[in-house]
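The block underneath contains the structure these notes are about, expressed in structure tokens.
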Amino acid sequence: MAKKIVAANWKMNLLRKEAISLFNGLSKSLLDHKGAEVVVFPPSIYLADLLQVTNTGIHVGAQNFYFEEKGAYTGEVSATQLKDLGCSYALVGHSERRMIFGESNELLFKKIKSGIEAGLHIVYCCGESLEQRELGNEKTIILEQIEVLRPLSTEELNKISIAYEPIWAIGTGVTASSSQAEEMHAFIRGVLVDLFSESISDYISILYGGSCNENNAEELFSCQNIDGGLIGGASLKQNAFLQIVEFSK
Ligand code: 13P
13 MAKKIVAANW KMNLLRKEAI SLFNGLSKSL LDHKGAEVVV FPPSIYLADL LQVTNTGIHV
73 GAQNFYFEEK GAYTGEVSAT QLKDLGCSYA LVGHSERRMI FGESNELLFK KIKSGIEAGL
133 HIVYCCGESL EQRELGNEKT IILEQIEVLR PLSTEELNKI SIAYEPIWAI GTGVTASSSQ
193 AEEMHAFIRG VLVDLFSESI SDYISILYGG SCNENNAEEL FSCQNIDGGL IGGASLKQNA
253 FLQIVEFSK
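104 is the number that my numbering gives to position 92 of the sequence shown; each next residue is one higher, with no gaps.
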């Protein structure tokens, strides 16, 4: 069975005090929490602050990193540096990185490899645009994006979760219906069977992201192939996020 994961992607939001205060609030509430693994992906400048909080049942992860281990890469941080700081997770392939920063599947594969090598658990994001969906190409696009994982070994796949985030649902308030989401999650599960095996496909968590909030999480999380969520906007509100975590049980 795939592990349940509920993750907060704070993107480029919150000032330092707000970030620390939100994390402290979540930590207090989730200290004895049983159920889904909870991960927070803050802006990278707050990683060290959050990692100093003790007594927290929350994992901390990076929204981005570069695939080289060290060297002359001004402005970048490596997976090794993130692991050394105490991070346990990282996002790779978010549509905002693909679209705004032009990250290709080839680059994303290098990031996945170096992240895993450094000891991070990677949440690999995929998702189609509205135009691609309207043309009926959503499955072809997702297949192409998931095929990036093909060269990974069984051990490496142990360190991978997938987030299906349809671009048309991100930050728009338009969520995929539970049947649209479940259809795509089941498709991704099938692709994993074809690429790897039934048992590997069974243990890879597939999270849903895209306007997932406290009002729709319960229904989304009740779907067979939805193993949790990657939450943007609603993760910036303590009560909303805690409610979403609650629905993942
Ligand atoms: P929203 O929940 O704000 O739509 O963002 C989803 C997302 O991109 C999480 O990575």
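Note that the Cβ used here is the ideal one computed from N, Cα and C, for glycine as well. Since the model is a prediction, treat every value here as computed from it, not as a measurement.
Rounded to the nearest whole angstrom, the CA to CA distance from Gln250 to Thr66 is 19 Å.
Looking at the DSSP output, Gly241 sits in a beta bridge with Val18 and Tyr220. DSSP, reduced to helix, strand and coil, places Gly73 within a strand of the structure shown.
Ala91 sits close to Ala130, with the two beta carbons spaced by under 7 Å.
The beta carbons of Gly98 and Leu63 sit about 4 Å from each other, so the pair counts as a contact at 8 Å. In terms of Cα proximity to Ile218, the closest of Gly127, Leu169, Glu226 and Val186 is Leu169. Note: Phe253 is not bridge-paired with any residue in the DSSP secondary-structure output.
With a threshold of 16 other beta carbon atoms within 10 Å, Asp206 falls short and is exposed.
Distances from the alpha-carbon of Lys29 to those of Val51, Ala20, Phe253 and Ile57 put Ile57 closest.
Tyr101 counts as buried, since at least 16 other C-beta atoms from the protein chains shown sit within 10 angstroms of its C-beta. In this structure, Glu194 lies near Cys235, with their beta-carbon atoms less than 7 Å apart. Just so you know, the alpha carbons of Asn149 and Glu140 end up roughly 8 Å apart. Scanning Val18, Gly185, Met24 and Ser126 for the CA closest to the CA of His71 turns up Val18.
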